[in-house]
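Enquirer: Please find one structure pasted underneath; my questions will follow.
Number of protein chains: 2
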Amino acid sequence: MNISLSYSGDYLELLTPELENKLEAIHKGIHSKSSKGADFLGWLDWPSTLSQDFLDDIKETANRIRSNSDVLVVIGIGGSYLGSKAVIEALSTPFQQSKDIEVIFAGHLVSGEYLKQLMTYLDDKEVTINVISKSGTTSEPAIAFRFLQQYMEKRYGDQAAKRIIVTTDEEKGALRTLAVNKGYQRYVVPDSIGGRYSVLTAVGLLPIAAAGFDIDQLINGAKIAEQEFGKFDTKSNRAIQYAVIRKHLYDAGYPVEILATFDEKLKYVQEWWKQLFGESEGKEGKGIFPSSVSYSTDLHSLGQYIQDGKRMLFETFLMVEKTPVDLTVFEAENDGDELNYLSGLTLHEFNAACHEATASAHLQGGVPQVTITMDQLDEQHLGHLLYFYMIACAYSAYLFDINPFNQPGVEGYKTNMFKILNKPGY
Amino acid sequence: MNISLSYSGDYLELLTPELENKLEAIHKGIHSKSSKGADFLGWLDWPSTLSQDFLDDIKETANRIRSNSDVLVVIGIGGSYLGSKAVIEALSTPFQQSKDIEVIFAGHLVSGEYLKQLMTYLDDKEVTINVISKSGTTSEPAIAFRFLQQYMEKRYGDQAAKRIIVTTDEEKGALRTLAVNKGYQRYVVPDSIGGRYSVLTAVGLLPIAAAGFDIDQLINGAKIAEQEFGKFDTKSNRAIQYAVIRKHLYDAGYPVEILATFDEKLKYVQEWWKQLFGESEGKEGKGIFPSSVSYSTDLHSLGQYIQDGKRMLFETFLMVEKTPVDLTVFEAENDGDELNYLSGLTLHEFNAACHEATASAHLQGGVPQVTITMDQLDEQHLGHLLYFYMIACAYSAYLFDINPFNQPGVEGYKTNMFKILNKPGY
Chain A
1 MNISLSYSGD
11 YLELLTPELE
21 NKLEAIHKGI
31 HSKSSKGADF
41 LGWLDWPSTL
51 SQDFLDDIKE
61 TANRIRSNSD
71 VLVVIGIGGS
81 YLGSKAVIEA
91 LSTPFQQSKD
101 IEVIFAGHLV
111 SGEYLKQLMT
121 YLDDKEVTIN
131 VISKSGTTSE
141 PAIAFRFLQQ
151 YMEKRYGDQA
161 AKRIIVTTDE
171 EKGALRTLAV
181 NKGYQRYVVP
191 DSIGGRYSVL
201 TAVGLLPIAA
211 AGFDIDQLIN
221 GAKIAEQEFG
231 KFDTKSNRAI
241 QYAVIRKHLY
251 DAGYPVEILA
261 TFDEKLKYVQ
271 EWWKQLFGES
281 EGKEGKGIFP
291 SSVSYSTDLH
301 SLGQYIQDGK
311 RMLFETFLMV
321 EKTPVDLTVF
331 EAENDGDELN
341 YLSGLTLHEF
351 NAACHEATAS
361 AHLQGGVPQV
371 TITMDQLDEQ
381 HLGHLLYFYM
391 IACAYSAYLF
401 DINPFNQPGV
411 EGYKTNMFKI
421 LNKPGY
Chain B
427 MNISLSYSGD
437 YLELLTPELE
447 NKLEAIHKGI
457 HSKSSKGADF
467 LGWLDWPSTL
477 SQDFLDDIKE
487 TANRIRSNSD
497 VLVVIGIGGS
507 YLGSKAVIEA
517 LSTPFQQSKD
527 IEVIFAGHLV
537 SGEYLKQLMT
547 YLDDKEVTIN
557 VISKSGTTSE
567 PAIAFRFLQQ
577 YMEKRYGDQA
587 AKRIIVTTDE
597 EKGALRTLAV
607 NKGYQRYVVP
617 DSIGGRYSVL
627 TAVGLLPIAA
637 AGFDIDQLIN
647 GAKIAEQEFG
657 KFDTKSNRAI
667 QYAVIRKHLY
677 DAGYPVEILA
687 TFDEKLKYVQ
697 EWWKQLFGES
707 EGKEGKGIFP
717 SSVSYSTDLH
727 SLGQYIQDGK
737 RMLFETFLMV
747 EKTPVDLTVF
757 EAENDGDELN
767 YLSGLTLHEF
777 NAACHEATAS
787 AHLQGGVPQV
797 TITMDQLDEQ
807 HLGHLLYFYM
817 IACAYSAYLF
827 DINPFNQPGV
837 EGYKTNMFKI
847 LNKPGY
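In the order they appear, the protein sequences are chains A and B. Mapping the first sequence onto the working numbering, position 230 (from 1) lands on 230, and the numbers just tick up by one. Mapping the second sequence onto the working numbering, position 73 (from 1) lands on 499, and the numbers just tick up by one.
Right, here's the structure in full:
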């Protein structure tokens, strides 16, 4: 298991004695849980400390859902849905028709049409709902759940309570109270783990397991990462490297990072990464703006800008080394499309060449580059990758002298909105 | 029919005599087709000059496809797919099960798994293919078509030729030659209209019509826009306004534009917009970097960065005034989720309040704002909007003294790739 990282500049040159000292202080702050916002460092040793009983319990619930439901509707927003969506999309097979179960997300958007149509779609299917909210009063998922709870009670009557599973605070909050009153099965959002770091808790694990993926392996990959990236070695620790390079590039006039992939299945890993880094770092007038592209398609879109536009971008390629399913370009009798020169090449090899070509063109165009490569796209490697990003993000935010674990700016729109809508108390 | 545009600053103050003169010169250059890159201004009077016969012919083909196919596979990349994808997604109903026909895109990505699975998915369905490429030798769609053409010939034998429709150059190119030899029906990518401006040509219209949408109304909306935005009036022409504001904000230290919507159905309108502006403007070390967010979900993700991160962003809201399908929040007996204060509010009204709240919070956080509002999401209004963006983009690029119609930077990766892959001649 490995993540390799390469950088178009000279990494070792960045390691001044002053920076080494700062990194060591950050490392100690994180691992002694004494740094800014340390109350939310629960994810740090989560993979190595959670119990097998906990995983087995989630798998048992997931199996029950899989056996009695055609659809699992997951209601959540932000960190309450992006992690599981990222893992499920990355591992799913496109155009798969005979799925055991379909996982549909709701509550991340407010749309009468979406909800109405969803309820019609559910009518001839067996349904379970997993509503995920620390408080239960975040407007968007709460609105979706009000409608879907009513729908479930109309459809299933007394049995609805057996088909609604709540993931919420252990001891307090509106959703917990409701769950206790109604007798819904409950899972816990730990106090010490914020939404965007919660993919490996019940928040992410239950939907992922219900979708049919191996959460033991996911946690196993994260556990290996916890050990690997827990070591303080500025020369070999990839998480520290990634954080140092990002901060250096920001200081050197590159405040926009583009996460580029050659696999559409990673689209929601990119979205999850955007929340993780954007929400952790974008504070106090600082931070790298996270953006993403999907190649080849975006080579024929944002590619032009990246190559020749304003020089303020750096690009991080997230590559997957091997693929289990591939096609090989065959020789055509009539070479009308002029592709016979590719005969015998697999499409994965084509993408590798395309990556090499793009990287060198963009570099020449003045775009510094990081390349992160994972061996393959499976549960274990994804668990490893997600943990890598979480710990790298912590280092990165601390290098900006920013608390990675709060999100004061999210309150702005909420407070305004409650005033506009005359919410009691505002 | 109207697009309204508002700006958080004082627009009229930006209109110096010098700028007025520059705008007039740009306007004359565009409308006399004498500006930089004017060979590619064919889209300018396209809506008013195309013939009803042309539209009727497209509709006839679309109806034939709809009557004999379950799936239309559209093979294209960049401008050859983003326009039709944008319109189809914007107009489609989520979770609709009894579609007459499904439109699936291929050729915008290179993936053995995607193609293999797609061909398996097609096996029990009737299929038509529309392959769209000016030259026929752009690698990504050409690779997809090589596989899918073979698939169609295996499945349909002699009849395959009747189920493959080609949209390509009128007179030359590999795909045209192939189409002539095989007897495929052909549509034309006009010489004077580049990919990202081609949504209203056969490139976009055939897939949109095949999906069941009203292309007469789409063109009608564009025709109204052509007339409206063709008038030189710096005070009332919204396209000129948008271009002027963008350039001003860029010069004032805001090189990143975020296009924000409150409707997931506009996601590919945002992607189309990113190609249009990014590829038109991102040249010579200049241009605004186009990025996008989807609210509410991204308020719980990039929202924190937008509110509090590095101050270099401006935000353009694309809003839809009315919605035909909605839900109203109902009173719950037990107000456990504390939402009863919203009783009687529609979800669309909730989003409007959320927009107002977000706009004022972000503005207070130092993010200048433009708001573009369209009346409703239908063919006519979309045609109007797409034309608005195209002409605004031309003004905008010319304000940067940039040719909006070439894409020299896209060649960089291609040349490198052909060398790596030993393409003859490279």
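Where is the CB? At the ideal position from N, CA and C, for every residue including glycine.
Out of curiosity, what's the CA-to-CA distance linking A/I433 and A/A160?
Expert: One cannot answer for residue 433 of chain A here, as it falls past the ends of chain A, which runs 1 to 426.
Enquirer: Between which two residues does the beta strand (DSSP E) carrying A/R186 extend?
Expert: That run of the beta strand (DSSP E) goes Q185 to V188.
Enquirer: Taking A/R7 as part of the beta strand (DSSP E), name the residues at either end of that continuous run.
Expert: The residue you asked about is not Arg; residue 7 of chain A is Tyr in the sequence shown. Run containing A/Y7: I3 to Y7, per the beta strand (DSSP E) assignment.
Enquirer: Quick check on the DSSP output: the alpha helix (DSSP H) that includes A/L91 runs from which residue to which?
Expert: Here the alpha helix (DSSP H) through A/L91 covers L82 to L91.
Enquirer: Taking its Cβ as the centre, do 16 or more other Cβ atoms sit within 10 Å of B/F756, making it buried, or is it exposed?
Expert: Exposed, by the Cβ-count rule.
Enquirer: Given 8 Å as the limit, is there contact between the region 433-441 of chain B and the region 71-80 of chain A, that is, 3 or more CB pairs closer than that?
Expert: Segments in contact, no.
Enquirer: For the beta strand (DSSP E) that A/I288 lies in, which residues bound it at each end?
Expert: A/I288 -> no beta strand (DSSP E), and no H or E assigned at all.
Enquirer: Looking at A/L218 and A/W46, is the spacing between their C-beta atoms short of 7 Å?
Expert: Their beta carbons are not under 7 Å apart, which means A/W46 does not touch A/L218 by this criterion.
Enquirer: Buried or exposed for A/E271, please, with buried defined as at least 16 other CB atoms from any protein chain shown within 10 angstroms of its CB.
Expert: By the neighbour-count rule (16 or more Cβ atoms within 10 Å), A/E271 is buried.
Enquirer: Looking only at its own chain, which residues have a Cβ that is under 6 Å from the Cβ of A/R238, when we skip the five neighbours before and after it?
Expert: Taken in chain order, the residues that qualify are I3 and L5.
Enquirer: Tell whether a beta-carbon distance below 7 Å holds between B/E747 and B/T687.
Expert: Against a cut-off of 7 Å, the Cβ pair of B/T687 and B/E747 comes out as no contact.
Enquirer: Does A/M1 pass the burial test, meaning 16 or more other C-beta atoms within 10 Å, or should it be called exposed?
Expert: A/M1 comes out exposed.
Enquirer: Whose Cβ in chain A lies nearer than 7 Å to the Cβ of B/F573?
Expert: Chain A residues near B/F573: L327.
Enquirer: What are the partner residues of B/I555, as DSSP defines its beta bridges?
Expert: B/I555 is bridged to B/V499 and B/I590.
Enquirer: Answer yes or no: does any C-beta atom of chain B fall closer than 7 Å to that of A/S291?
Expert: Chain B contact via Cβ: present.
Enquirer: Drop a sphere of 10 angstroms on the beta-carbon of A/G303, count the other beta-carbons inside from all chains shown, and report buried for 16 or more, exposed for fewer.
Expert: So A/G303 counts as buried.
Enquirer: Buried or exposed: A/N351, going by 16 or more other Cβ atoms within 10 Å of its Cβ?
Expert: A/N351 should be labelled buried.
Enquirer: Looking only at its chain, what residues have a beta carbon closer than 8 Å to the beta carbon of B/F545, apart from the 5 residues adjacent to it on each side?
Expert: The sequence as given places Met at residue 545 of chain B; Phe does not occur at that position. Hits under 8 Å: F573, L574 and Y577.
Enquirer: Nearest CA to the CA of B/V793: which residue from B/L702, B/L548, B/D465 and B/G679?
Expert: That would be B/G679, whose Cα lies nearest to the Cα of B/V793.
Enquirer: Within 10 Å of its beta-carbon, does B/E539 have 16 or more other beta-carbons around it, so buried, or fewer, so exposed?
Expert: With 16 or more other Cβ atoms within 10 Å, it is buried.
Enquirer: What are the start and end residues of each continuous alpha helix (DSSP H) run of 4 or more residues lying completely inside the region 436-487 of chain B, in chain order?
Expert: Correct list: 437-440, 443-457 and 472-475.
Enquirer: Quick one, which of A/L327, A/T415 and A/Q380 has its alpha-carbon nearest A/A90's?
Expert: Among A/L327, A/T415 and A/Q380, the Cα nearest to that of A/A90 belongs to A/Q380.
Enquirer: For the putative contact between B/E412 and B/I714, defined by C-beta atoms under 8 Å, what is the C-beta separation to the nearest angstrom?
Expert: Outside the displayed range of chain B (427 to 852) lies residue 412 of chain B, so it cannot be described from this structure.
Enquirer: For the alpha helix (DSSP H) containing B/I619, list its first residue and its last residue.
Expert: That residue, B/I619, is in no alpha helix (DSSP H); it is neither H nor E in DSSP.
Enquirer: Hey, would you say A/S135 sits closer than 7 Å to A/G173, going by beta carbons?
Expert: Contact: yes.
Enquirer: Please check the pair A/A361 and B/N842, which I expect to be a contact at CB under 8 Å, by giving their CB distance rounded to whole angstroms.
Expert: Right, the Cβ-Cβ distance comes to about 5 Å (below 8 Å), so this counts as a contact.
Enquirer: By the 10 Å Cβ neighbour count, where 16 or more other Cβ atoms means buried, how is B/L631 classified, buried or exposed?
Expert: Classification of B/L631: buried, given that the 10 Å Cβ count is 16 or more.
Enquirer: Pick out whichever of A/G412, A/P408 and A/P404 has its Cα sitting closest to the Cα of A/S35.
Expert: Of the listed residues, the one whose Cα sits closest to A/S35 is A/P404.
Enquirer: By alpha-carbon positions, which one of B/N494, B/L773 and B/I732 ends up nearest to B/L685?
Expert: Answer by Cα proximity: B/I732.
Enquirer: Do B/D496 and B/E552 have their CB atoms nearer than 7 Å?
Expert: Contact flag set, yes.
Enquirer: To be precise: take each residue of the region 297-310 of chain A, compare its Cβ to all Cβ atoms of chain B, and keep it if any distance is under 9 Å. Which residues remain?
Expert: So the close ones are T297, D298, L299, H300, S301, L302, G303, Q304, Y305, I306, Q307, D308, G309 and K310.
Enquirer: Where do the ends of the alpha helix (DSSP H) carrying A/V244 lie?
Expert: That run of the alpha helix (DSSP H) goes R238 to D251.
Enquirer: Please report the distance separating the alpha-carbon of B/K454 from that of A/V87.
Expert: B/K454 and A/V87: Cα-Cα distance of roughly 53 Å.
Enquirer: Any beta carbon from chain B within less than 7 Å of A/G409's own beta carbon?
Expert: For A/G409, the answer is yes, since a Cβ of chain B falls inside 7 Å of its Cβ.
Enquirer: Go through its chain and collect everything with a Cβ distance to B/G463's Cβ below 8 Å, but skip five positions before and after it.
Expert: Excluding residues within five positions, the ones whose Cβ falls inside 8 Å are N829, P830, F831 and N832.
Enquirer: What did DSSP end up calling B/Q802 once you bin it into helix, strand or coil?
Expert: Of the three classes helix, strand and coil, the one that applies to B/Q802 here is coil, per DSSP.
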